[in-house]
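Below is one structure, written out as structure tokens, with a few remarks after it.
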Amino acid sequence: MAGYDLCKLHIGALGTLGVVTQATLKVRPIPEVCALVTLGCDAIGLELLLERLHNSRTRPGCLDVLNTSAARAVAQAA
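Each residue of the sequence shown is one higher than the last, beginning at 1 in the working numbering.
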């Protein structure tokens, strides 16, 4: 096969050879409620909390679990 590899040429151009003419995006509705909850517990308590949360109708958009030293660092930075 002779000639240029057009795929590599297009990708190597970093977008300078192409124009986006159409895009399809998935969007989600804004949550009805927004809240921040912080609590401390040991590993067993965390396991029970996560099990109850999983069995409930509540579906958090984000859940961060921090160990003690990370939680202290976040608290000091706030």
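The beta carbon of each residue, even a glycine, is placed where N, CA and C say it ideally should be. All values reported here derive from a predicted model rather than from experimental measurement.
Original post:
What is the DSSP secondary structure of N67, counted as helix, strand or coil?
Top reply: coil
Original post:
When the Cα of V65 is compared with those of R59, L49, G3, T58, which residue comes out closest?
Top reply: L49
**OP:** Go ahead and pull the three-state DSSP assignment for G40.
**Re:** coil
Original post:
Between L53 and A75, what straight-line distance do the alpha-carbon atoms span, to the nearest angstrom?
Top reply: 24 Å
Original post:
If H10 sits next to G18, beta carbons under 8 Å apart, how far is it from one beta carbon to the other, in whole angstroms?
Top reply: 6 Å
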